[in-house]
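Chains as they are written, first to last, in our numbering: chain C, 1 to 241; chain X, 1001 to 1049; chain A, 2001 to 2218; chain U, 3001 to 3218; chain S, 4001 to 4209; chain Z, 5001 to 5209.
Cβ atoms here follow ideal geometry from the backbone N, Cα and C, with glycine treated the same way.
Working notes, structure below.
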Amino acid sequence: MSIWEYANPVKFMRLSGAILPWVVVGAVLCTVGGVVWGFLTPLDYKQGATVKIVFLHVPAAMMAINIWVMMLVTSLIWLIRRHHVSALAAKAAAPVGAVMTLIALATGAIWGQPMWGSWWEWDPRLTSFLILFLFYVGYIALWSAIEDPDSAADLTGVLCLVGSVFALLSRYAVLFWNQGLHQGASLSVAPGERMSAVYRYPLYLSMLGFLLLFLALLLIRTRTEIRRRRLAALQAREIRG
Amino acid sequence: MIELGKYAGTVLAAYGVSVLLLAGIVWHSVAANARARNDLHRQEGRTNG
Amino acid sequence: MLALLKRDLALATRAGGGFGLAVAFFLILCALVPFGVGPDTGALRPIGPGILWVGALLACLLSLDRIFALDHEDGSMDLLATAPIPLEGVVAVKALAHWITSGLPLIVAAPVFGLLLHLPGAATPWLIASLLVGTPALSMLGAFGAAITVGLRRGGLLLSLLVLPLYIPTLIFGTEVVRRGAEGGDPATPMLFLAGITAGVIALVPFAAAAALRVNLR
Amino acid sequence: MLALLKRDLALATRAGGGFGLAVAFFLILCALVPFGVGPDTGALRPIGPGILWVGALLACLLSLDRIFALDHEDGSMDLLATAPIPLEGVVAVKALAHWITSGLPLIVAAPVFGLLLHLPGAATPWLIASLLVGTPALSMLGAFGAAITVGLRRGGLLLSLLVLPLYIPTLIFGTEVVRRGAEGGDPATPMLFLAGITAGVIALVPFAAAAALRVNLR
Amino acid sequence: MSLLTVQDLAVARGGMRAVEGVTFSLAAGQALILRGPNGIGKTTLLRTIAGLQPPVQGRIAMPDDAVAYAAHADGLKTALTVTENLRFWAEIFGGGGLDAAMSAMDLRGLADRPAAALSAGQKRRLGLARLLVTGRKLWILDEPTVSLDTASVARFATAVRDHLAAGGAALMATHIDLGLDEVEVLDLTPRRAKPGVPTRPAGFNEAFA
Amino acid sequence: MSLLTVQDLAVARGGMRAVEGVTFSLAAGQALILRGPNGIGKTTLLRTIAGLQPPVQGRIAMPDDAVAYAAHADGLKTALTVTENLRFWAEIFGGGGLDAAMSAMDLRGLADRPAAALSAGQKRRLGLARLLVTGRKLWILDEPTVSLDTASVARFATAVRDHLAAGGAALMATHIDLGLDEVEVLDLTPRRAKPGVPTRPAGFNEAFA
Ligand code: HEM
Ligand SMILES: Nc1ncnc2c1ncn2[C@@H]1O[C@H](COP(=O)(O)OP(=O)(O)OP(=O)(O)O)[C@@H](O)[C@H]1O
Ligand SMILES: Nc1ncnc2c1ncn2[C@@H]1O[C@H](COP(=O)(O)OP(=O)(O)OP(=O)(O)O)[C@@H](O)[C@H]1O
Ligand SMILES: [Mg+2]
Ligand SMILES: [Mg+2]
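Here it is, written out as structure tokens:
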């Protein structure tokens, strides 16, 4: 029994149907729990209440990057092993990733207003996220523009590959272009910079919640894509006779 | 009690926007799934029956 | 006429219809300019209104070739020309549909993009107002350009070349409104000119565009 | 390969080939910006390099859809794919032809447009050098986007959407060269990055573009 | 009552006359089939009568808003379903009878299918159903049965007969046999335009010949 | 010596198999004509053999750089003259014999005419002349005689016979009679792909059916 076999649509439908309820329950519990717990944390002595934004901002930002990586992996699986469900999973993940990016951008922008005194600064990290959002948009637009699913899967796969390289390249170019305002990773293990436990645990929970939420949405959306493809396949069969 | 201090608007806006966006993608996913399931049911009924 | 509008809007929102592409392009353009110009607020602030207007104009421009070309290719244009609605009406409705699918989303998104370019808050209402008044003229002039180039194989660049000079007056008055709004001046005069241009364009250009279409149909 | 280059250049200069349209578009764009930004030198000078680069990039962009689409429509692409030259070579040659017909004229014209935008004299050599080094990457990335969208009916706007984000690193380093040139800084570092990107793009992107073309041919 | 009168008509394509001296008339309940070799100008003649291009010479008389034209291209939007496509044209022409038209062309089973997923013959049937919802009297049809199989051709013939019986008229160009044996045929071969320079040139190519 | 061997080939279009189990081989001096109804997959089969799309199953063996393919579209540049068009393809394929090819297809009188000013039949003749300048052994031709008149069809038949006599081979799909009576015919009708689910799906439409 290898992981590849789940790429068979029938098997995937069966397995995903079985685990989906559990994932949904977990996602709801962890996301709501993490976000509400975060909302109830005490005020920070420096940032005041704005620190509560971190429980949305950081998980969303992490998922935004992770989802793109996941799309890159599934695209590669499709391009190399030709597993159809893998291609559909990449397609299904993209809108979720775009929304996560949007949440990171929006919460960051709202946070920036009190912290930096402006809604938007061309800070390297913010800018790289904007660029990531552009890549998501292009990827989604390409999927929806091509009618033939086989070509669409191949072409978006190639785009995802090339796009990943350029997303990385842009990140370095942007760093060269402007110095940052945004703080570094405060979950780092370096003792002095470590966030206090009051904020750390709700943050972990909320991160887990966002991860599960993504998994649940990914399963649902992949199932949708499979059904759509099956519908198209049946119709094509009817026409060809 | 929940304290938000002078940044209440900021925090509420951040939570509001995020919840809205999340609700949007969840609704979109679920609705599209239901539609796809219905369409497929109808088609399968026609092909087999 | 209403049926045509409904159809064009439905087509734009279906798969491959390109709804939202104009906004995405606008976003990219607004993001590119700081990369070119440099990130500091001081350099960005004075050019914000201009960039926003030029961006809106280019985003409009790139979706123009869809106005008639697709209908021409699949034969709908021939059938519409023999339908009991005047060709001028068809032009007006299609320009309206283009405006709703390209212009309106731009206007909704413009305030957000204004933030990216550090547009002063006082200018934002004026940005929206000027776009609201000015972009219908862009769509209508674009429909004229699209009608002229509808028969050409890959007319995109030529279309841009024909249409851009026609856009200059709208652009000038549009940015002037926003600039005066940002600097606390009185935007009423350029706004009036802008409205005048749009009114004139909407009243007269459909006839020219319909004439061009008739030539391309025969 | 040489035959293909010769043919593409011949086609570009014949009637309807579109040679010079890119420069005309560049000119209009450079003329539009002062209308949008306001004519005073103070506001124009700092943004000159950025505007010139963004303009070159957009002018490049609008001629991209011709790279493969015309050959695809008339069946030449099928025949080229069965010819004894690798598809990667076809991509490279067509990108080169695009650069010669769109990029090169822009570079020749750029100093003149630099005058329009009050670019300091010291920056002009750096403007030319950066365009010379950077625009080949634009053409090659454009060829990649064109290869991906070649089968689509009206891919213009989508093509722009896909290609523009890929242009960002080139744009950043390109304008940085000109800016440092204008301000008397040291443009060597960004120039090296720019050259590195162009070299990498020319070495690797043809394979991706050829793969996309193969998908669209089948 | 005559639905269409054509007198001494000359039509041009590519700046040169294609056919000239065409004269005929169609009363209600009548149909006419145009024949002739490839490239003689059948399509051009039909487009002129439909009002899509001006005649070079001669007269075309017909009631206002009488024509429904169907060309090689069906004017379908592939992203819309069969019903949506048909309803659009019904609304544009102010006609009705969607259901009747769908039945007549055997499209009921395909009602919710996007037009992109239709085969060539099914697309053509949808294009012909469009005629039925226009409510127009005079049908101008350019090769209406291209890519139809025999059963569909028979269905089309029935639709034309019903249209004629209801007081309509039809002008059709075709290369193949439609099974409408009762209908008159006009061969355009003898009407091919003669080279000589006419008094009023049709375009640059004639003006400078 | 065999120029082309095809074994148990299955080809797909639109994500579904069109024909399957096709087996044949062509030796030097041999030709084969493919027949079958519209839409069975002749064009798809030829494109697969020409290397434009991958086979779903089966084996295609042939020498390197042997194929010259000619499709529905002729790949002409309307802005270039007949000679320029032909010379381009001669240079690309490293072949020669422009003059011979122009004579064989009766294009001498049109040498300096831009391709835009050619009639459909003349365009097709130019497309066929391209085959002669490729210098390739194996011709793969998709409906080569569309829009040709009888004299040109005969000229084409002569060109094919000369090619075979010189040790070449040809694989052609056509609906009409080419006047090549000595050539074998392969009817694809019995090779139409059967619905069932295959072990290796040809595309999304098969993987999810
Ligand atoms: C719109 C723009 C913004 C974007 C795209 C953005 C992006 C990110 C990303 C990707 C992370 C995760 C970094 C990591 O864990 O490695 C992050 C974390 C964080 N951001 Fe932002 N950010 C934005 C604006 C802001 C603003 C305005 C502030 C507050 C002044 C802020 C404060 C933080 C904090 C406190 C963290 C958590 C600490 C950390 O793990 O780095 N961000 N942001
Ligand atoms: N765009 C064009 N430019 C110049 N000449 C044209 C053009 N289109 C058609 N022609 C010429 O005009 C003439 C009339 O064409 P038309 O399409 O009316 O012929 P037809 O009788 O409908 O032919 P068919 O039976 O093939 O449909 C033909 O000789 C054709 O070569
Ligand atoms: N782009 C496409 N998408 C989906 N299916 C297609 C596409 N193109 C063709 N087909 C289908 O593939 C099948 C094979 O087509 P093909 O063109 O190979 O047929 P053919 O034998 O060459 O027909 P003809 O005699 O008409 O040339 C047909 O049933 C057709 O409907
Ligand atoms: Mg015709
Ligand atoms: Mg075929």
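So G5109/Z and A5070/Z are supposed to be a Cβ contact under 8 Å. How far apart are they, rounded?
Counting from one through the sixth sequence, the residue named residue 5109/Z turns up at place 109. Counting from one through the sixth sequence, the residue named residue 5070/Z turns up at place 70. So it is not a contact: roughly 22 Å between Cβ atoms.
Which residue from V4160/S, D4162/S, R4013/S and S4152/S puts its Cα closest to that of P4055/S?
Position 55 of the fifth sequence, counted from the start, is the residue given in the question as residue 4055/S. Ranking V4160/S, D4162/S, R4013/S and S4152/S by Cα distance to P4055/S puts R4013/S first.
Burial state of H57/C (16 or more Cβ within 10 Å):
Position 57 of the first sequence, counting from 1, holds the residue named residue 57/C. The residue is buried, with at least 16 neighbouring Cβ atoms inside 10 Å.
As a quick exercise: from N4038/S, D4064/S, L4004/S and G4058/S, pick the residue whose alpha carbon is nearest that of A4010/S.
Taking the fifth sequence and counting its residues from 1, one reaches residue 4010/S at position 10. Checked all of N4038/S, D4064/S, L4004/S and G4058/S; the closest Cα to A4010/S is G4058/S.
Please confirm whether any heavy atom of ligand 3 lies closer than 7 Å to the CB of D5177/Z.
Start at 1 with the first residue of the sixth sequence, and residue 5177/Z comes out as number 177. No, Cβ of D5177/Z sits at least 7 Å from all heavy atoms of ligand 3.
Is it buried or exposed for A5041/Z, if we count other Cβ within 10 angstroms and need 16 for buried?
For the purposes of this step, residue 5041/Z is taken as the residue at position 41 of the sixth sequence. Reading off the sequence shown, one finds Gly at residue 5041/Z, where the question assumed Ala. With 16 or more other Cβ atoms within 10 Å, it is buried.
Beta-carbon contacts of L4098/S that lie in its chain and below 8 Å, excluding the five residues immediately before and after
Translated into the one-based positions of the fifth sequence, residue 4098/S becomes position 98. These residues qualify, in order along the chain: T4083, L4086, R4087, A4090 and V4133.
Integer Cβ distance of A153/C from W78/C, believed to fall under 8 Å
For the purposes of this step, residue 153/C is taken as the residue at position 153 of the first sequence. For the purposes of this step, residue 78/C is taken as the residue at position 78 of the first sequence. Yes, A153/C and W78/C are in contact; Cβ-Cβ is about 6 Å, under 8 Å.
Please decide whether E121/C counts as near chain S, where near means a Cβ-Cβ distance under 8 Å.
Start at 1 with the first residue of the first sequence, and residue 121/C comes out as number 121. For E121/C, the answer is no, since every Cβ of chain S falls outside 8 Å of its Cβ.
With respect to 7 Å, is the separation between the Cβ of T5043/Z and the closest non-hydrogen atom of ligand 3 below this value?
In the sixth sequence, residue 5043/Z corresponds to position 43, counting from 1. Checking every heavy atom of ligand 3 against the Cβ of T5043/Z, one is found closer than 7 Å.
Counting along the chain, where does the beta strand (DSSP E) carrying W3126/U start and finish?
Locating residue 3126/U in the fourth sequence gives position 126, counting from the first residue. Run containing W3126/U: none in the beta strand (DSSP E); it sits in the alpha helix (DSSP H), A3123 to I3148.
Sorry if obvious, but does the Cβ on I146/C come closer than 7 Å to a heavy atom of ligand 3?
Here residue 146/C refers to the residue found at position 146 of the first sequence. No, ligand 3 has no heavy atom inside 7 Å of this Cβ.
What residues from chain Z crowd round A3083/U, counting only those whose CB sits closer than 7 Å?
Counting from one through the fourth sequence, the residue named residue 3083/U turns up at place 83. Going along chain Z in sequence order, the residues near A3083/U (Cβ under 7 Å) are I5092 and F5093.
State buried or exposed for L231/C, treating a residue as buried only when at least 16 other CB atoms are found within 10 Å of its CB.
Here residue 231/C is taken as the residue at index 231 of the first sequence, counted from 1. The residue is buried, with at least 16 neighbouring Cβ atoms inside 10 Å.
For the alpha helix (DSSP H) that E3176/U lies in, which residues bound it at each end?
Counting from 1 along the fourth sequence, the entry for residue 3176/U is found at position 176. Run containing E3176/U: G3156 to A3182, per the alpha helix (DSSP H) assignment.
Does any residue of chain A bring its CB to less than 8 Å from the CB of A141/C?
Residue numbering aside, residue 141/C sits at position 141 when the first sequence is read from its first letter. It does; some Cβ of chain A falls within 8 Å.
Let's test the definition: count the other Cβ atoms within 10 Å of the Cβ of G1016/X and tell me whether it reaches 16, buried, or not, exposed.
Taking the second sequence and counting its residues from 1, one reaches residue 1016/X at position 16. The Cβ neighbour count for G1016/X, taken over all protein chains shown within 10 Å, is under 16; the residue is labelled exposed.
What are the boundary residues of the alpha helix (DSSP H) that L2027/A is part of?
Locating residue 2027/A in the third sequence gives position 27, where the first residue counts as 1. It spans L2021 to V2037 - the alpha helix (DSSP H) in which L2027/A sits, taken as one unbroken run.
Between M5016/Z and A5173/Z, is the Cβ-Cβ spacing less than 8 Å?
The residue you call residue 5016/Z lines up with position 16 of the sixth sequence. The residue you call residue 5173/Z lines up with position 173 of the sixth sequence. Not closer than 8 Å, so no.
Ends of the beta strand (DSSP E) at G5021/Z?
Here residue 5021/Z corresponds to residue number 21 of the sixth sequence, with the count starting at 1. Residues M5016 to A5027.
Cβ of N5038/Z within 7 Å of any heavy atom in ligand 3?
Along the sixth sequence, read from residue 1 onward, the residue named residue 5038/Z stands at position 38. Yes; taking the cut-off as 7 Å, the Cβ of N5038/Z has a heavy atom of ligand 3 nearer than that.
Could you check how far apart the C-beta atoms of G3184/U and A3143/U are, in whole angstroms? I think they sit under 8 Å.
The sequence position of residue 3184/U within the fourth sequence is 184, counting from 1. The sequence position of residue 3143/U within the fourth sequence is 143, counting from 1. About 36 Å; that fails the 8 Å criterion.
Does R4191/S come out as helix, strand or coil in the three-state DSSP assignment?
Sequence index remark: in the fifth sequence, residue 4191/S carries index 191 (1-based). Three-state result, R4191/S: helix.
Could you check how far apart the C-beta atoms of A173/C and P3049/U are, in whole angstroms? I think they sit under 8 Å.
Here residue 173/C corresponds to residue number 173 of the first sequence, with the count starting at 1. Here residue 3049/U corresponds to residue number 49 of the fourth sequence, with the count starting at 1. Going by Cβ atoms, the distance from A173/C to P3049/U rounds to 16 Å, so no, they are not a contact pair.
Select from the segment 3158–3177 of chain U all residues with a C-beta closer than 8 Å to any C-beta belonging to chain C, and list them in chain order.
L3158, L3161, L3162, L3164, P3165, L3166, I3168, P3169, I3172, F3173 and E3176
Please indicate yes or no: does the CB of A152/C lie closer than 7 Å to some heavy atom of ligand 7?
Ligands in the displayed structure: ligand 1, ligand 2, ligand 3, ligand 4 and ligand 5; ligand 7 is not one of them.
Could you tell me whether the Cβ atoms of M3140/U and A3110/U are closer together than 8 Å?
Walking along the fourth sequence from the start, residue 3140/U turns up at place 140. Walking along the fourth sequence from the start, residue 3110/U turns up at place 110. Cβ atoms of M3140/U and A3110/U: not closer than 8 Å.
Pull up the distance between the alpha-carbon of I19/C and that of A4116/S, whole angstroms please.
For the purposes of this step, residue 19/C is taken as residue 19 along the first sequence, with counting starting at 1. For the purposes of this step, residue 4116/S is taken as residue 116 along the fifth sequence, with counting starting at 1. Their backbone Cα atoms lie some 36 Å apart in a straight line.
Please state whether the Cβ-Cβ distance between D5149/Z and G5179/Z is less than 8 Å.
Within the sixth sequence, numbered from 1, the residue matching residue 5149/Z stands at position 149. Within the sixth sequence, numbered from 1, the residue matching residue 5179/Z stands at position 179. No, the Cβ-Cβ distance between D5149/Z and G5179/Z is not below 8 Å.
Taking a cut of 8 Å between CB atoms, which residues from the segment 5183–5195 of chain Z lie near chain C?
P5195
Using beta carbons (cut-off 8 Å, strictly below), is G5051/Z in contact with chain C?
Taking the sixth sequence and counting its residues from 1, one reaches residue 5051/Z at position 51. It does not; no Cβ of chain C falls within 8 Å.
In terms of residue numbering, what span does the beta strand (DSSP E) encompassing S3063/U cover?
In the fourth sequence, the residue the question calls residue 3063/U occupies position 63. No beta strand (DSSP E) contains S3063/U, which DSSP labels as neither H nor E.
Who are P4114/S's beta bridge partners in DSSP?
For the purposes of this step, residue 4114/S is taken as residue 114 along the fifth sequence, with counting starting at 1. T4081/S, per the DSSP bridge assignment.
Give every residue of the same chain whose Cβ lies closer than 6 Å to the Cβ of S3130/U, excluding the five residues on either side of it in the sequence, and list them in chain order.
On the fourth sequence, residue 3130/U is found 130 positions in, with the first residue counted as 1. Closer than 6 Å at the Cβ level, and outside the excluded window around S3130/U, lie G3174, V3177 and V3178.
What first and last residue would you give for the alpha helix (DSSP H) that runs through R4047/S?
As a working mapping, residue 4047/S is identified with position 47 in the fifth sequence. Segment K4042 to I4049, the alpha helix (DSSP H) holding R4047/S.
Which residues in chain U sit within 8 Å of K5077/Z, going by Cβ to Cβ distance?
For the purposes of this step, residue 5077/Z is identified with residue 77 of the sixth sequence, where counting begins at 1. By Cβ distance, chain U contributes R3007, L3011, D3074 and S3076.
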